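Chains as they are written, first to last, in full-length UniProt numbering: chain A, 1 to 338; chain B, 1 to 338.
Cβ coordinates follow ideal geometry from the N, Cα and C atoms, glycine included.
Fair warning: this is a prediction, and the values are worked out from it, not measured in the lab.
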DNA sequence: AATTATTGTGCAATCGTTCCCGGCACAACC
DNA sequence: GGTTGTGCCGGGAACGATTGCACAATAATT
């Protein structure tokens, strides 16, 4: 059995009380230098570490934060996680990552598990399936600090951090227009996600600016964000079966971009000759391998950092916070059409 | 403040003792049906959840396992994590993922943090930098269950699960030979990783079988597994500056494959006309985008599942386990040379 | 020399839960 | 009627760490 050393072990070994040992290890000025040295040396020798669980119980906080996101295999989220860890780590917090794989049920179970006292706060990016956030509202009402990133909700009054999805989408769509595309489709995730709404808006604005008609038939939603390749396949095939086939497509995420490229390949549709693609994408690999995909890059690492900083400030705030912020970070357009 | 309900709250509300409430919620046969119903109903009403931290302290286990790997942005590891979660989740365990980014110091800090009583066991894939495993040996000696996967060490006597790296490498190298390559280079991670040794062996065996000479100059190690693109760049450029340039290259990992492709692109070396590539790769994207990369696929998801199953069995075993297993799973060769 | 500070240390309560032990009723037995 | 049994419940210790309070011994003060 794995039994780490405790204060009691040290106390017994040195013939002291646990309180003396405890104080020797921190208070320092209440304890005689000799005793202090004795304790510190011994603790060093046996490599003593305070039991974080006992501390959590006592302090009523766990010094850990929970993260809920769709999947770490997604480059965007992997980069966000790195940002989260970089800050949490520095400030002495553990990070517990949970994946929803875009399922509402999974998200709910994960978050409730995290919340039942094992984390001090939550970083949440909603799943594609989620429409009911009442369980989150419940936790928030009861005082669990949370910050939303990427896929946010206005039903809960707290900090939010997102990319400038409208502007990013506008630029990507305008790029397609400038490339000569006139029938631009939009492949996106489920329609109740905040990012989908915002990205659709940017797309519409670009069309409007250039006097192009908005065609509902060109908008294709994937309820599970392309988690099932079949979703993407059906969507693309429907687009390609239209009388007026699109000549460009604005894709709303990493996963959908990958999925769409796969379908175009299968259909032997040449990119970018027959179809120009632009989309949100943070994948280095895709970027490297596909020189024809103009991409909207989100500052993922930075988003993770800022979200974590906001959350930890909420957690460590001595007074209840009522003033919440919605932070919007600019994207950048990486034009690739060689 | 976020203050979940406790047993005491229920006891006070119903005029009972905490012990009675506790028993009503589990023991069940020592408590009268009426009291039981009363308690259960009330607990349901306020959505009571036992405090996992208090439980952990009492039970001296946390029902969570720690994972140490290089980075989740790597598709192989992302798939392993999914496998780990699928099993841990079913058996009621939390999963805490930590990333080393191939740094020894980071690995050590992460694992010691996990070990200081907050996890019941460890799943470890060593970082590229790690040579000294004494801190792990220390934990293992003191009884912390651990299972190694992918990058293992024989210095600690416990379960291991790996892919059949030798066979996979042999097949990939032989594939290159069959494609007509005669000067086959090998780009790999740091030389002290178990996978590097095994993969080099498979490579050598294939050369030997086909009576090709082994040339030390064709072997290039990247001490940080290609975490810094510069490593890969230097390695490839050195290879291409040799008098007898290689005509094929066997690459040992996802990240190195991506890195290498980027360098070949930069150098305007055509793949596969001037350079045939084969390598270990679990990236769907790379696979999709690069139709010329023949890849050795590892059963990553399954590896995660098996490792977790082994670990949980160790953790839950009533008797000390001395009989350890080294499980080797077959890889599969995905030939792509269109 | 007696009183008051000062210093160093131990006791005990606390966090939320479980579980051993013991106690109170009431019924059944000799 | 006294003993034993049984069903139901409360008291209290334990898990490991921190911390207010008490108290001893020594030093400083009048």
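Contact with chain B by residue i, beta-carbon distance below 8 Å
{"i": "residue 290/A", "result": "yes"}
{"i": "residue 124/A", "result": "no"}
{"i": "residue 75/A", "result": "yes"}
{"i": "residue 57/A", "result": "yes"}
{"i": "residue 4/A", "result": "yes"}
{"i": "residue 85/A", "result": "yes"}
{"i": "residue 144/A", "result": "yes"}
{"i": "residue 53/A", "result": "yes"}
{"i": "residue 81/A", "result": "yes"}
{"i": "residue 49/A", "result": "yes"}
Per DSSP, cross-strand counterpart(s) of residue i
{"i": "residue 186/B", "result": "219/B and 250/B"}
{"i": "residue 12/A", "result": "Per DSSP, none; premise fails for residue 12/A."}
{"i": "residue 297/B", "result": "332/B"}
{"i": "residue 279/A", "result": "251/A and 295/A"}
{"i": "residue 148/A", "result": "124/A and 160/A"}
{"i": "residue 327/B", "result": "161/B"}
{"i": "residue 94/B", "result": "64/B"}
{"i": "residue 69/B", "result": "99/B"}
Within-8 Å CB hit, residue i to chain A
{"i": "residue 94/B", "result": "yes"}
{"i": "residue 225/B", "result": "no"}
{"i": "residue 285/B", "result": "yes"}
{"i": "residue 117/B", "result": "yes"}
{"i": "residue 261/B", "result": "yes"}
{"i": "residue 66/B", "result": "no"}
{"i": "residue 321/B", "result": "no"}
{"i": "residue 278/B", "result": "no"}
{"i": "residue 103/B", "result": "no"}
{"i": "residue 72/B", "result": "yes"}
{"i": "residue 78/B", "result": "yes"}
{"i": "residue 97/B", "result": "yes"}
{"i": "residue 62/B", "result": "yes"}
{"i": "residue 234/B", "result": "no"}
{"i": "residue 182/B", "result": "no"}
{"i": "residue 258/B", "result": "yes"}
From the options, residue whose alpha carbon lies closest to that of residue i
{"i": "residue 148/A", "options": "337/A, 330/A and 314/A", "result": "314/A"}
{"i": "residue 239/B", "options": "180/B, 172/B and 186/B", "result": "186/B"}
{"i": "residue 251/B", "options": "218/B, 244/B, 243/B and 241/B", "result": "218/B"}
{"i": "residue 311/A", "options": "21/A, 160/A, 111/A and 16/A", "result": "160/A"}
{"i": "residue 85/A", "options": "96/B, 76/B and 82/B", "result": "96/B"}
{"i": "residue 329/B", "options": "263/B, 306/B and 262/B", "result": "306/B"}
{"i": "residue 110/B", "options": "136/B, 89/B and 93/B", "result": "136/B"}
{"i": "residue 98/A", "options": "70/A, 13/A and 75/A", "result": "70/A"}
{"i": "residue 94/B", "options": "123/B, 36/B and 178/B", "result": "123/B"}
{"i": "residue 297/A", "options": "336/A, 211/A, 224/A and 243/A", "result": "336/A"}
{"i": "residue 100/B", "options": "26/B, 13/B and 227/B", "result": "227/B"}
{"i": "residue 44/A", "options": "5/A, 88/A, 20/A and 91/A", "result": "5/A"}
{"i": "residue 207/A", "options": "221/A, 180/A, 223/A and 90/A", "result": "180/A"}
{"i": "residue 273/B", "options": "248/B, 253/B and 255/B", "result": "248/B"}
Segment contact, 8 Å Cβ cut-off, at least three pairs: the stretch 278-298 of chain A with the stretch 166-175 of chain A: yes
Complete beta strand (DSSP E) runs within the stretch 204-276 of chain B (minimum length 3 residues, chain order): 219-221 and 248-251
Segment contact flag, the stretch 64-73 of chain A with the stretch 115-135 of chain A, C-beta cutoff 8 Å, min 3 pairs: yes
The stretch 284-303 of chain B / the stretch 306-324 of chain A touching (three or more Cβ pairs under 8 Å): no
Runs of alpha helix (DSSP H) lying entirely within the UniProt domain "HTH lacI-type" (5-59) of chain A, each at least 4 residues, in chain order: 7-14, 18-25, 33-46 and 52-59
contact_flag[the stretch 95-107 of chain A, the stretch 122-129 of chain A] where n(CB pairs < 8 Å) is 3 or more: yes
Segment contact, 8 Å Cβ cut-off, at least three pairs: the stretch 75-91 of chain B with the stretch 226-237 of chain B: no
Touch test, the stretch 191-204 of chain B against the stretch 137-156 of chain B, Cβ-Cβ under 8 Å, three pairs minimum: yes
Three or more C-beta pairs below 8 Å linking the stretch 45-54 of chain A and the stretch 262-269 of chain A: no
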